[in-house]
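Colleague: Take the sequence shown: its letter number 63 is residue 63 in this note's numbering, and every next letter is one higher.
Here it is, the structure, as structure tokens.
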Amino acid sequence: MKLLLATRSSHKAGEATRILADEGQEGAPAVLTLDDAGIPWSEAEDGLEPHETFEENAASKARYFGRLSGQPTVADDSGLEVDALGGRPGVRTKRFAPSGRYPALTRDEANNQYLLDSLDGLPPGRRGARYVCVACLFDPASGDTVHFRGEAPGRILTLRRGSGGFGYDPIFLDEETGLSYAELSAADKNERSHRGKAFRALAAFLRG
1 MKLLLATRSS
11 HKAGEATRIL
21 ADEGQEGAPA
31 VLTLDDAGIP
41 WSEAEDGLEP
51 HETFEENAAS
61 KARYFGRLSG
71 QPTVADDSGL
81 EVDALGGRPG
91 VRTKRFAPSG
101 RYPALTRDEA
111 NNQYLLDSLD
121 GLPPGRRGAR
131 YVCVACLFDP
141 ASGDTVHFRG
151 EAPGRILTLR
161 RGSGGFGYDP
171 IFLDEETGLS
181 YAELSAADKN
191 ERSHRGKAFR
201 ALAAFLRG
């Protein structure tokens with residue numbers, strides 16, 4: 001059995017592949033990326049995440065690539081929910097910063113700066129947040145989908161810390177370790193993160 005990992009993000013693909021490999025066992029499915037499967041990018045992919053929940057967006061991507069490839073497919077949608085912002089950016093995490101607000105910054109840098117600006121002046125006790133990841137497994141043979149959700153609580157820092165990770169990791173504090181996600185080792189991040197929890201639940205299901 002082969003399992004298609006439906007993401008164009010090299011960061012997400014690397015994390016998910018390592019997590020599934022760490023949880024692997026004899027007879028586990030071989031994990032393929034979209035590049036491994038020879039699936040070129042298409043403009044249709046830009047419209048795969050129109051929904052208001054992580055579950056719906058993950059299922060949308062899993063069904064699209066599963067039907068395209070004919071392989072059992074897993075896709076995830078993940079993001080950051082900030083208490084003081086009423087759960088935003090949520091499913092808009094990747095495109096949180098308004099277009100053109102920070103022209104000299106990369107998308108990740110702009111999102112981080114916009115979040116810091118949005119929380120400016122708030123004390124630590126009001127900067128609670130959580131990372132959320134929902135992985136959806138789609139079987140094109142049966143049409144069935146199964147969802148796996150992982151959450152990681154934390155707090156938004158006032159300054160960036162660390163050089164690892166991606167996205168909001170430099171300003172997301174894991175309060176138990178006292179480190180930002182960008183300061184955690186890859187192994188520690190996978191152990192504690194939302195994606196680690198979701199994909200370990202997926203691995204346990206596949207072992208079923």
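Positions of the beta carbon are idealized from the N, C-alpha and C atoms, including for glycine.
Just so it is clear, the structure is predicted and the values come from calculations on it, not from any experiment.
Taking Cβ to Cβ, would you say L119 is nearer than 8 Å to Q113?
Modeller: Their beta carbons are not under 8 Å apart, which means L119 does not touch Q113 by this criterion.
Colleague: Determine the DSSP secondary structure at L195, reduced to helix, strand or coil.
Modeller: Before going further, note that residue 195 is Arg rather than Leu in the sequence given. If DSSP states are grouped into helix, strand and coil, R195 belongs with the helices.
Colleague: Count Cβ pairs between the stretch 177-191 and the stretch 155-162 that sit closer than 8 Å; are there 3 or more?
Modeller: Output reads yes: the stretch 155-162 touches the stretch 177-191.
Colleague: Measure the beta-carbon distance from R200 to I19 and round it to whole angstroms, keeping in mind my assumption that it falls under 8 Å.
Modeller: With a Cβ gap of about 6 Å, R200 and I19 count as contacting.
Colleague: Taking the alpha helix (DSSP H) that H147 belongs to, which residues open and close that run?
Modeller: Here H147 belongs to no alpha helix (DSSP H); instead the beta strand (DSSP E) covers 144-156.
Colleague: What are the boundary residues of the beta strand (DSSP E) that includes T93?
Modeller: Careful: T93 lies outside any beta strand (DSSP E) and carries neither H nor E.
Colleague: Pull up the distance between the alpha-carbon of A152 and that of E175, whole angstroms please.
Modeller: Roughly 10 Å separates the two Cα atoms.
Colleague: Buried or exposed, going by whether 16 or more other CB atoms sit within 10 Å of the CB of E183?
Modeller: Buried, by the Cβ-count rule.
Colleague: Between F96 and S78, what straight-line distance do the alpha-carbon atoms span, to the nearest angstrom?
Modeller: C-alpha separation (whole angstroms): 13 Å.
Colleague: Bridge partners for K2 per DSSP, in chain order?
Modeller: Partner(s): A30.
Colleague: Taking the straight line between their C-alpha atoms, what separation do you get for R101 and K94?
Modeller: Using only the alpha carbons, I get a separation of about 15 Å.
Colleague: Taking 8 Å as the threshold, find out whether the stretch 4-22 comes into contact with the stretch 80-88 through three or more Cβ pairs.
Modeller: The stretch 4-22, when compared against the stretch 80-88, does not touch it at the 8 Å Cβ threshold.
Colleague: Can you round the beta-carbon distance between F148 and F65 to whole angstroms, since I take them to be within the 8 Å contact cut?
Modeller: Actually they do not touch by this definition, with Cβ atoms about 17 Å apart.
Colleague: Going by the CB atoms, is the gap between A30 and S69 shorter than 8 Å?
Modeller: No.
Colleague: One question on the structure: do V132 and D76 come within less than 8 Å of each other, judged by their Cβ atoms?
Modeller: Their beta carbons are not under 8 Å apart, which means V132 does not touch D76 by this criterion.
Colleague: What is the DSSP secondary structure of T17, counted as helix, strand or coil?
Modeller: If DSSP states are grouped into helix, strand and coil, T17 belongs with the helices.
Colleague: Taking the CB atoms as reference points, tell me whether F138 and R63 lie closer together than 8 Å.
Modeller: Result yes, Cβ atoms of F138 and R63 sit closer than 8 Å.
Colleague: Going by Cα to Cα distance, which pick from T7, L116, D117 is closest to S60?
Modeller: Taking only the C-alpha atoms, the option nearest S60 is T7.
Colleague: Which residues does DSSP list as the beta-bridge partners of D174?
Modeller: Paired residue(s): L179.
Colleague: Since A198 and G154 should fall inside the 8 Å C-beta cutoff, what is the C-beta to C-beta distance between them, to a whole number of angstroms?
Modeller: Contact flag wrong, Cβ pair sits at about 16 Å.
Colleague: In whole angstroms, what separates the C-alpha of G125 from that of L173?
Modeller: Rounded to the nearest angstrom, the two C-alpha atoms are 13 Å apart.
Colleague: Under a three-way DSSP split, which group does S185 fall into?
Modeller: It is coil, neither helix nor strand.
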